[in-house]
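A.B. asks: First residue of the sequence shown? That's 1 in full-length UniProt numbering, and the numbers climb one at a time after it. Virtual Cβ for every residue (Gly too), placed ideally from N, Cα, C.
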Amino acid sequence: MSQKKVKPYNLPNHPSSFHIKAVEITVIALAVLVPIAFHPRCYTTFAPAKEFIFEALVIIGLMFWAFKIISRGETKFTPTPLNLPVLSFIAICTLSLIWSDTFFTSLKELPLFLPGPLLYFVIVNNIKNEKQISRIISAVLIVGAALGIYGIFQYNDIDFSFWASGSGRQRVFGLFGNAGYFAGYIILPLSLAIPLFLVSKNRNRKILLLIGILAMGTTLILTFTRSSYLALSVSLLFMFLLFLLSRGKRFIKENKKLFMILLIVIIIAASLFIIPTPLSKPGTAISQIKGRVSLTRLIDVFSSGRRVAIWKFTGMMIKDHPILGSGIGTYKYNTLRYQAKFFEQGDNRSIYSYGFADKAHNEYLQLWAELGTIGLAIFLWLVITYLIYGIRYLKREKDEQKQGIIIGLMGAVVAFLVDSFFWFPLHLTTNVFLLWLFIGLTMVVGLEKKEESISKSKRSSIYKFKPVLYIVIILLTVFLCITVARPFMARIRW
Numbered sequence: 001m002s003q004k005k006v007k008p009y010n011l012p013n014h015p016s017s018f019h020i021k022a023v024e025i026t027v028i029a030l031a032v033l034v035p036i037a038f039h040p041r042c043y044t045t046f047a048p049a050k051e052f053i054f055e056a057l058v059i060i061g062l063m064f065w066a067f068k069i070i071s072r073g074e075t076k077f078t079p080t081p082l083n084l085p086v087l088s089f090i091a092i093c094t095l096s097l098i099w100s101d102t103f104f105t106s107l108k109e110l111p112l113f114l115p116g117p118l119l120y121f122v123i124v125n126n127i128k129n130e131k132q133i134s135r136i137i138s139a140v141l142i143v144g145a146a147l148g149i150y151g152i153f154q155y156n157d158i159d160f161s162f163w164a165s166g167s168g169r170q171r172v173f174g175l176f177g178n179a180g181y182f183a184g185y186i187i188l189p190l191s192l193a194i195p196l197f198l199v200s201k202n203r204n205r206k207i208l209l210l211i212g213i214l215a216m217g218t219t220l221i222l223t224f225t226r227s228s229y230l231a232l233s234v235s236l237l238f239m240f241l242l243f244l245l246s247r248g249k250r251f252i253k254e255n256k257k258l259f260m261i262l263l264i265v266i267i268i269a270a271s272l273f274i275i276p277t278p279l280s281k282p283g284t285a286i287s288q289i290k291g292r293v294s295l296t297r298l299i300d301v302f303s304s305g306r307r308v309a310i311w312k313f314t315g316m317m318i319k320d321h322p323i324l325g326s327g328i329g330t331y332k333y334n335t336l337r338y339q340a341k342f343f344e345q346g347d348n349r350s351i352y353s354y355g356f357a358d359k360a361h362n363e364y365l366q367l368w369a370e371l372g373t374i375g376l377a378i379f380l381w382l383v384i385t386y387l388i389y390g391i392r393y394l395k396r397e398k399d400e401q402k403q404g405i406i407i408g409l410m411g412a413v414v415a416f417l418v419d420s421f422f423w424f425p426l427h428l429t430t431n432v433f434l435l436w437l438f439i440g441l442t443m444v445v446g447l448e449k450k451e452e453s454i455s456k457s458k459r460s461s462i463y464k465f466k467p468v469l470y471i472v473i474i475l476l477t478v479f480l481c482i483t484v485a486r487p488f489m490a491r492i493r494w
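(1) Helix, strand or coil, according to DSSP, for Ile474 in the structure here?
(2) Could you please give me the residues that DSSP links to Ile492 through a beta bridge?
(3) Quick one: what does DSSP say Gln339 is sitting in, helix, strand or coil?
(4) What residue ranges within the stretch 345–397 form continuous alpha helix (DSSP H) runs of no fewer than 4 residues, ordered along the chain?
(5) Helix, strand or coil for Lys4? Go by DSSP, reduced to three states.
(6) I need the straight-line Cα distance from Ser235 to Pro195, nearest angstrom please.
(7) When you compare the CB positions of Tyr354 and Gln339, do they come within less than 9 Å of one another, or not?
(8) If you draw a straight line from the C-alpha of Phe113 to the C-alpha of Met216, how long is it?
(9) Asn362 and Phe438 look like a contact to me (Cβ under 8 Å); what is the Cβ gap, rounded to whole Å?
(10) Taking the alpha-carbon positions, what's the Gly446 to Leu242 distance?
(11) What are the boundary residues of the alpha helix (DSSP H) that Leu417 is part of?
(12) Kindly indicate which three-state DSSP category Leu114 falls into: helix, strand or coil?
(13) Within 8 Å, do at least three Cβ pairs link the stretch 82–98 to the stretch 55–63?
(14) Apart from the five residues just before and just after Phe46, which ones in its own chain have a Cβ nearer than 7 Å to its Cβ?
(15) Under the rule that 16 or more other beta-carbon atoms within 10 Å means buried, what is Ser96, buried or exposed?
(16) What residue does the alpha helix (DSSP H) around residue 558 start on, and which one ends it?
(17) Spell out whether any CB of chain D is found under 9 Å from the CB atom of Val122.
(18) Is Arg491 near Tyr43, with beta carbons less than 9 Å apart?
(19) Which residues in the same chain as Trp436 place their Cβ atom closer than 6 Å to its Cβ, once the five residues preceding and following it in sequence are excluded?
(20) To the nearest angstrom, how far is it from the Cα of Cys93 to the Cα of Thr477?
(21) On the criterion of 16 or more Cβ atoms from any shown chain inside 10 Å, does Ser233 qualify as buried, or is it exposed?
(22) Excluding the five sequence neighbours on either side, which residues of its own chain have a C-beta within less than 7 Å of the C-beta of Phe52, listed in chain order?
(23) With a threshold of 7 Å on Cβ separation, who are the neighbours of Met443 within its own chain once the five nearest residues in sequence on each side are excluded?
(24) Note down the Cα distance separating Ile187 from Leu222, rounded to an integer number of angstroms.
(25) Can you check which of these residues, Thr430, Val172, Leu141 and Ile474, is closest to Ile36 by C-alpha distance?
(26) Count the C-beta pairs between the stretch 258–272 and the stretch 202–215 that are closer than 8 Å, then say yes if the count reaches three, no if not.
(27) Closest by CA to Thr219, which one among Ala412, Leu237 and Ala183?
(28) What first and last residue would you give for the alpha helix (DSSP H) that runs through Arg205?
(29) Give a yes or no on whether the C-beta atoms belonging to Leu394 and Gln401 are separated by under 9 Å.
(30) If you run the structure through DSSP and keep just helix, strand and coil, what is Ala91?
(31) Exposed or buried, what is Thr75 when buried is set at 16 or more other beta-carbons lying within 10 Å of its beta-carbon?
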């Protein structure tokens with residue numbers, strides 16, 4: 001009797017339950033709706049709508065996950081190396097309410113920090129097969145490419161009539177209201193798209209990816225955002241090293257023509273910045289980029305710029321609460337007091353520019369100030385564990401498509417982390433949801449073979465009350481959605 005060959009199980013394409021499909025649809029809705037959401041009659045047109053949709057869809061995703069647990073009659077969590085660090089991050093954010101300088105300020109900030117880690121658990125426990133991952137990644141890239149094209153239209157003054165066009169650096173703001181916010185978002189799908197382009201064997205897919213890369217890359221340039229330029233540059237270098245790690249010198253040989261084209265493009269671009277031409281005359285994009293990244297400008301920014309002053313008085317906050325911090329979200333509550341102390345010292349008032357700063361423009365310093373050394377250490381533990389996991393996976397994975405996905409996801413996460421040194425992406429819904437989405441997808445792609453059959457262990461008698469549990473979960477979901485909707489509704493001009 002002949003034996004059938006068993007196909008290796010890794011990210012199987014087996015049929016999923018209704019609840020898993022519902023979770024997938026919810027995640028795709030996040031990828032599509034959060035970046036494009038806005039309300040023209042809302043005070044601050046973009047952020048409140050994006051925050052509400054992010055929080056509400058995560059709550060809905062948790063609801064479907066809870067339904068799955070009840071329907072299967074078991075409480076089973078997918079073990080990953082990041083479970084403990086992520087749970088610890090949730091715990092420190094929540095517990096900081098106890099010692100917060102202002103309880104209600106921290107309570108108001110908590111909904112911005114909790115949905116991301118919760119989204120991570122929704123993903124690793126419900127997204128299981130390659131087709132699901134492919135659909136989610138495709139949604140992210142399509143939206144990123146569409147917004148890239150829209151950014152090019154904005155630069156050419158083709159825009160909606162119901163909001164005023166920006167000027168100067170703020171001319172290209174996408175659906176984010178700020179060029180820096182737009183740039184911080186666009187580097188994430190752009191970082192993901194580049195490795196997928198390199199490993200794709202399908203010609204049509206490769207062409208579409210190239211169009212998306214060019215659209216997003218062009219728009220990124222037109223935002224004139226230095227931190228995003230740096231973040232993407234570091235991400236590209238990091239991804240190049242990961243390709244060398246996983247494929248060795250073969251990667252360079254296989255892409256020799258592409259590297260030659262890139263070298264020529266870099267030489268031409270550099271010459272445009274060095275040699276005076278009509279393309280670099282005052283007022284052009286090239287002249288604006290030169291003004292933003294010139295050595296003189298950078299020295300000025302990092303010697304007497306406002307951001308340096310912010311970092312210095314943030315250091316004063318850290319010294320006063322070094323272990324546990326002052327509580328999540330309290331930075332903006334304390335900033336004026338510490339800024340006043342800083343400018344009273346020596347000649348600081350004449351050296352540094354000043355103004356209201358509700359963000360530290362460095363997420364690591366702000367986490368340190370709000371959550372203390374313990375909170376910062378937990379976040380760094382999470383990041384380091386993630387990077388180690390991804391690198392170890394690449395060392396053993398031979399499938400080039402999966403290598404490309406992992407490298408793209410890790411490259412996007414690194415871009416986010418680099419951007420966090422000079423910006424505040426952890427406080428921007430459009431950035432932070434992609435961070436946790438990409439971290440979760442990395443874990444899912446890298447998961448080893450796991451049997452999907454339901455455990456035959458003893459089931460709790462609580463499952464005898466399924467109808468009651470369903471009703472309770474639905475009511476809780478409605479209550480939480482109304483709760484997160486209230487701040488958004490309060491900002492609408494009726």
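C.D. replies: Taking the structure as given:
(1) One-based indexing of the sequence shown puts residue 474 at position 474. In the structure shown, Ile474 sits in a helix (DSSP, three-state: H, G or I).
(2) Taking the first residue of the sequence shown as 1, we reach residue 492 at position 492. Per DSSP, Cys42.
(3) Looking up residue 339 in the sequence shown gives position 339. Helix, per DSSP.
(4) 348–351 and 363–396
(5) Sequence index remark: in the sequence shown, residue 4 carries index 4 (1-based). Residue confidence for Lys4 is low, a pLDDT of 42 falling below 50, so the modelled location carries little weight; the figure read from the coordinates is stated next. In the structure shown, Lys4 sits in coil (DSSP, three-state: anything other than H, G, I, E or B).
(6) Here residue 235 corresponds to residue number 235 of the sequence shown, with the count starting at 1. Here residue 195 corresponds to residue number 195 of the sequence shown, with the count starting at 1. Roughly 11 Å separates the two Cα atoms.
(7) Looking up residue 354 in the sequence shown gives position 354. Looking up residue 339 in the sequence shown gives position 339. The answer is yes: Cβ separation under 9 Å.
(8) Here the question's residue 113 lines up with position 113 in the sequence shown. Here the question's residue 216 lines up with position 216 in the sequence shown. Cα-Cα distance, rounded: 27 Å.
(9) In the sequence shown, residue 362 corresponds to position 362, counting from 1. In the sequence shown, residue 438 corresponds to position 438, counting from 1. With 8 Å as the limit, Asn362 and Phe438 do not qualify as a contact, their Cβ atoms being about 21 Å apart.
(10) Residue 446 sits at position 446 when you count from the first residue of the sequence shown. Residue 242 sits at position 242 when you count from the first residue of the sequence shown. Gly446 and Leu242: Cα-Cα distance of roughly 15 Å.
(11) Position 417 of the sequence shown, counted from the first residue, corresponds to residue 417. Leu417 -> alpha helix (DSSP H) spans Glu400 to Asp419.
(12) Here residue 114 is taken as the residue at index 114 of the sequence shown, counted from 1. Coil at Leu114, not helix or strand.
(13) no
(14) Residue 46 sits at position 46 when you count from the first residue of the sequence shown. Once the five neighbours on either side are set aside, the close Cβ partners of Phe46 are Phe38, Leu175, Phe176 and Gly177.
(15) Within the sequence shown, residue 96 is the residue found at index 96, counting from 1. Burial call: buried.
(16) No answer is possible for residue 558: the residues shown for the chain start at 1 and end at 494.
(17) The chain inventory of the structure shown lacks chain D, comprising one protein chain alone.
(18) Residue 491 sits at position 491 when you count from the first residue of the sequence shown. Residue 43 sits at position 43 when you count from the first residue of the sequence shown. Yes, they are a contact pair.
(19) Position 436 of the sequence shown holds residue 436. Excluding positions up to five away in sequence, the list reads Gly116, Leu119 and Tyr120.
(20) Position 93 of the sequence shown, counted from the start, is the residue given in the question as residue 93. Position 477 of the sequence shown, counted from the start, is the residue given in the question as residue 477. Cα to Cα, the separation comes out at about 22 Å.
(21) Position 233 of the sequence shown holds residue 233. Classification for Ser233: exposed.
(22) Within the sequence shown, the letter at position 52 stands for residue 52. Excluding sequence neighbours, Phe52 sits near Val484, Ala485 and Phe488.
(23) On the sequence shown, position 443 is the one that residue 443 refers to. Within the same chain, Met443 has close Cβ partners Thr80, Leu82 and Val124.
(24) As a position in the sequence shown, residue 187 is number 187, starting the count at 1. As a position in the sequence shown, residue 222 is number 222, starting the count at 1. Answer to the nearest angstrom: the Cα atoms are 13 Å apart.
(25) On the sequence shown, residue 36 is found 36 positions in, with the first residue counted as 1. Checked all of Thr430, Val172, Leu141 and Ile474; the closest Cα to Ile36 is Thr430.
(26) no
(27) Against the sequence shown, residue 219 aligns to sequence position 219. Per the Cα distances, Ala183.
(28) Along the sequence shown, one-based indexing puts residue 205 at 205. Residues Arg203 to Thr223.
(29) In the sequence shown, the residue the question calls residue 394 occupies position 394. In the sequence shown, the residue the question calls residue 401 occupies position 401. No.
(30) Taking the sequence shown and counting its residues from 1, the one referred to as residue 91 is at position 91. Reduced to three states, the DSSP call for Ala91 is helix.
(31) Taking the first residue of the sequence shown as 1, we reach residue 75 at position 75. Exposed is the call here.
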